[in-house]
Amino acid sequence: MGYIGEKARGERCPAKELLIAKFGAENCKGGISAQYVRFGKEPVVIGISGLRFDSMAVNMLASDDAVYGQFNKAVSDGMSILLIKAEGGIRALAEKGGNVSDAGFDGAVTGRCGELIESTETWGGRLNEKGELICDPSTPSPGPHYYTNMLIGNRIGFDRPLQSTPKSAVDRLGGGSFRSHADTQVLATRWDYLPEENGFPANRQFYLLENGKQIFWSGAAVADGLEKIETIHSQNRTTISYELSCGLKIKRTIFIVPQREGLPVACEAQIIDIENTKGEDRELRLVYTGMFGTQQTHALSEDVIFSTVVQESQIFFNEDNEIRAISCDPNPKWTKGEIRFNETVVHTDDGVVFPDQYSARYMDFVGSGSLEKPEYIFPLSSKPSRKGPGFFATSTPFKIKANGSVRADNLTCLSSDCVNDAFEADVTPAKEVEAVAEYIKDPSNLTRDLQDVIDFAEKYSGYMKIAHADKNFEAYVNNNLPFQVFYQTFVSRSLDWTQKGYREIGFREIQDIFASMYYFAGMGRIDFVKEMLAGWIENVYEEGFTNHNFYWIGKEPGWWSDDGLWLLQALDRYLGLTGDYAFLDEEFAMAGTKEKKTDPGIKRKLRDTIKAIITYSGKISVGKHGIPLIDRADWNDCLRVDPDCISGKDKIAKYKEQIAASGKAYGEVPYESEYSESVMNGFLLKVALDSAATMLGKIGDSDAEEMKALSVKLAATLRENCWKGDFYARVLFNRSSKPDIKYLGAQGDGLAVEDGHPGAYFLNSFSWSLLAGVASEDEISRMLDSLEKYLKTPYGFRLCSTVDYPKIAPKIDVALYYPGDRENGGVFKHANMMACSAMLGAAKSVKDEALASRLADTAYWIIDKILPYITLESPFATCGNPRWCTQYNNSQTGENIGPTLSGTSTWLLLSLFQCFGVEFTSDGLRVEPILRQSDTRLDVKVSISGTVYDIHIQKPEGFIRAQDGIEVTLDGEKCEGTLLPVANDGKTHEVEVRF
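According to our numbering, the sequence shown is numbered sequentially starting from 180.
1. Do Ile450 and Ala587 have their CB atoms nearer than 9 Å?
2. Taking the alpha carbon of Ser946 as the reference point, which residue from Pro1061, Asp934, Glu933, Ser965 has its own alpha carbon closest?
3. Flag this pair as touching only if the stretch 744-762 and the stretch 781-799 have three or more C-beta atom pairs under 8 Å; answer yes or no.
4. Can you name, in chain order, every residue of its own chain whose Cβ lies under 7 Å from the Cβ of Ser695, other than the five neighbours on each side?
5. Under three-state DSSP, which class holds His1009?
6. On the criterion of 16 or more Cβ atoms from any shown chain inside 10 Å, does Glu722 qualify as buried, or is it exposed?
7. Run the proximity test for Ser1016: is its beta-carbon closer than 8 Å to any non-hydrogen atom belonging to the ligand SAM?
8. In whole angstroms, give me the CA-to-CA distance for Lys1134 and Gly310.
9. By the three-class DSSP mapping on this structure, what secondary structure does Lys364 have?
10. Do Pro443 and Ser595 have their beta-carbon atoms positioned less than 9 Å apart in this structure?
11. DSSP has Gly378 in a bridge; who is on the other side?
12. Mapping the DSSP letters down to three states, classify Val598 as helix, strand or coil.
13. Less than 9 Å between CB atoms is the rule here; does Pro989 satisfy it with respect to chain C?
14. Can you tell me where the beta strand (DSSP E) with Trp947 in it begins and where it stops?
15. From this set, Thr1167, Met874, Pro374, which residue's C-alpha is nearest Met886's C-alpha?
16. Look up Glu847 in the DSSP assignment and say whether it is helix, strand or coil.
17. Look at the alpha carbon of Glu376 and the alpha carbon of Val1097, and state the distance between them as a whole number of angstroms.
18. Determine the direct distance from the alpha carbon of Asp1043 to that of Ala939, and round the result to whole angstroms.
19. Give the straight-line distance between the Cα atoms of Ser420 and Leu427, rounded to the nearest whole angstrom.
20. With respect to the beta strand (DSSP E) encompassing Gln690, which residues constitute its N-terminal and C-terminal limits?
21. Could you tell me whether the Cβ atoms of Phe577 and Thr527 are closer together than 9 Å?
22. Per DSSP, which one or two residues make a beta bridge with Met643?
23. Is the Cβ-Cβ distance between Cys597 and Glu517 less than 9 Å?
24. If distances are taken between C-alpha atoms only, which option among Gly805, Tyr642, Glu717 comes closest to Lys773?
25. Which residues share a DSSP beta bridge with Phe570?
26. Tyr537 by DSSP, collapsed to three states: which one?
27. Using the Cα positions of Ser826 and Arg811, report the straight-line distance between them to the nearest angstrom.
28. I think Ile136 touches Phe250, with their Cβ atoms under 8 Å apart; what is that distance to the nearest whole Å?
29. Once the 5 residues before and after Tyr969 are set aside, which same chain residues still bring their CB inside 6 Å of it?
30. Could you check what DSSP says for Tyr1128 in three-state terms: helix, strand or coil?
31. Under 9 Å, do Leu593 and Thr363 count as touching if we go by C-beta distance?
32. Taking the beta carbon of Trp370 as the centre, do at least 16 other beta carbons fall within 10 Å, making it buried, or is it exposed?
33. With a CB to CB cut of under 8 Å and the five nearest residues on each side skipped, what residues in its chain are close to Val254?
34. How would you write the range of the alpha helix (DSSP H) that Asp1043 sits in, first residue to last?
35. Using DSSP with H/G/I as helix, E/B as strand and the rest coil, what is Tyr760?
36. Can you look up His1168 in the DSSP assignment and give me helix, strand or coil?
Right under this line is the structure:
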């Protein structure tokens, strides 16, 4: 006999199944925790049933000192154990050889088991009425993203906010990292295989010392003398509170300081409040630590020593030779435009105290101890380090009076030349260090800054507020959802807990502005939306292709074929919202015409940029059917079916040679190739053409008629070539070397792997055929049937079914993943919400009422699967973040897998706009809600530029929509139709909507 390799996805008998088999389903109800303790021919398992949800509770139980003895004896005797949580207490059963009996544990053991099991009821935390997550950091974490928070600065009104706004990732103990502009780490990320680790463990942590001995470390949730700990993750701030047996109470508040004139481009603050509840004065020290990021990020994976020998420690002293900041200075000269520094001040009854000791070398601090218990914490070495890494620690002495309190203010900052043309190496950092020192001397400054952070989050989210019977839903829509979209508007997908590399802003992630622009309009800052849009407009090349990624400069021009098409949707939404059609005649630099970011570049009108995108994507970069080429990939980055594809620049160069030889005009004929066509991009092009026709038509541009004609022609092409009887295809193939493969997606493609599937299926083909207005009602109905049969899971719709990719090309990136993960059939929630939006739009317009009802019901089913707080129902199985949408769920297990940043939140918000029926346009406010069948009332309040519309919606139970009969009144006056005039009077207007 040979050995058997049991892979995780082929586990023969999970512990939970064995527990049920041994003890019977009648004893294994509710949430279950189970684990093997012995394998072999007679495996032994221990477990708990009757829990609120499945969890790892049994791990904690079996290792408890009071329980271990009797548990270990039973297990050593070959007995499996089941503890049943019931109303009458804990029942303990044992099983061996198929015989189940009472385990015979004494009352002390079962009593202790009951205490421990009861404590698991609070695992996963809870959400309050504001959508804040409240948790005990000493309890287990369900997953790497579950207990994380994201923070963002505010540089609205300052230069280049898209690229320069700082952001932070924070966990429930204050760990994580801090990033400034673009990919510049201020507090270092930790390059580690573990997704649970983001920043260097010393980041943001501090110690308290008394009589030269450590009495507290902020990075531990379980420690001697720590009686209580609680974390609250709020919108744009995190607070952590501790109570110590020695009589100290500590509260930490972490946030990013809004940009202030004279301060550095990035400042992350931590306010530390310390209260002494004892009746005696105490002499303490606060030791604050962290790790500065490096300029040489490439060396972290290539040559760590290189990254350390090109920087040295730097201490900033005042004129009296007193420490004001600890920093590190990089080499050579051209890297000195990024200086990181940290400052601490303690506010006491006797005045302001700055640090008097420092450490700039990790081993000079930790020694033979650990970060939790460093050997050389007092006194600190206070000697410079000629090389990195940029570890820092500062020590500040202070007195806290009996029953008194003190406050420590800490700022970690970046002095940078990124948006400061007057930056002088060595000079500017010294000035900004002094400015920060003066700033934090006055405690009212950070107090005001924190309040401004709180007020801004509330003001921003004020565009739309709802009142709903489901208070978790209400809190999510009113608070966490808009904040996630706000965060993503600035940093794209570049920083979250597991996105700790240096990913740039993706062009297609302009989608976040689709939703956030309404919130900026609500604040009266529509001008800011224009400023942000310019960042994308200036990444379009003269010929109409775009940079795929960018920060200060762009890269990968014209490799991804969908990028530029998203811009037209954003512009159409912006112009529809504002009526600012003069925007189309404003001029913007073309990509590739600047040598550095401050150059003016060669400019053209925005309307000409729109036309260039249409010419490239709709006339040149198309395949044999007239549908856009897929190039390296489209929205699905992994769908690389043409390994020999070429960039936009190379394509245009070859195209010019082609038309020169043929005598054809530019744009008259397409680029000749055998490359594959993206059907999704065909639908995106249809939407872009419709948008272009609307925008150009509003300014009397004669090309608007051509856009309309191209749209009609493209719709016919898509129906003729891409509809395959039960679904729209995803890709059309044109390879003469592979004549047997005609298309991917839908019945008959010959690429299906799963039993009983007549073809492979892709969710986006459904969604965008509806969003583009191409699919007929019969086609929609047939595709819904296929979705139900081939893509539906208990967790949402899969992005696609499994495909025989080697038939298409030797290596396609989708196949990197196991089936059920990411682009290979995961429940990609971004795509689910696109489908939801498509269904809601169609539900309002199709003639068939039964089809409309089915579409609406399915859309709400998707919403219910995607709402992040549902992870609270089974946190250790789904492992999501209760406040933020994650990217996808494994379609086999339901586990949320990160990152937390994706288009999910944006398209969820766009879908909810459709549900609630509120749409501001240049013509007015359109009110056409489509509520759940079970809902009979919804209150929605929308605000724009100081004017509020308080909308009250009433409907009978069941499915009903506006075209079935609706009555709308504005301030008591009946309105004709559903389009309301928009006032700019700063008043509140009452709107009644009755079905």
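In this text, a Cβ means the ideal position worked out from N, Cα and C, and glycines have one as well.
Put simply:
1. yes
2. Ser965
3. yes
4. Val664, Phe665, Thr668
5. helix
6. buried
7. Judged by which ligands are present, the structure shown has none, so any question about the ligand SAM falls away.
8. 28 Å
9. This sequence places Gln at residue 364; Lys is not what is there. Gln364: strand per DSSP, three-state reduction.
10. yes
11. Thr368
12. coil
13. No chain C is part of this structure, which consists of one protein chain only.
14. That residue, Trp947, is in no beta strand (DSSP E); its alpha helix (DSSP H) goes 942-950.
15. Met874
16. coil
17. 41 Å
18. 26 Å
19. 11 Å
20. First-last for Gln690: 690-701, but that is the alpha helix (DSSP H), not the beta strand (DSSP E).
21. yes
22. Val1121
23. yes
24. Glu717
25. Met470
26. strand
27. 8 Å
28. Coverage of the chain is limited to positions 180 through 1174, which leaves residue 136 absent and any answer about it impossible.
29. His936, Tyr940, Ser980
30. strand
31. yes
32. exposed
33. Val216, Arg217, Val223, Ile225, Ile260
34. 1028-1045
35. helix
36. strand
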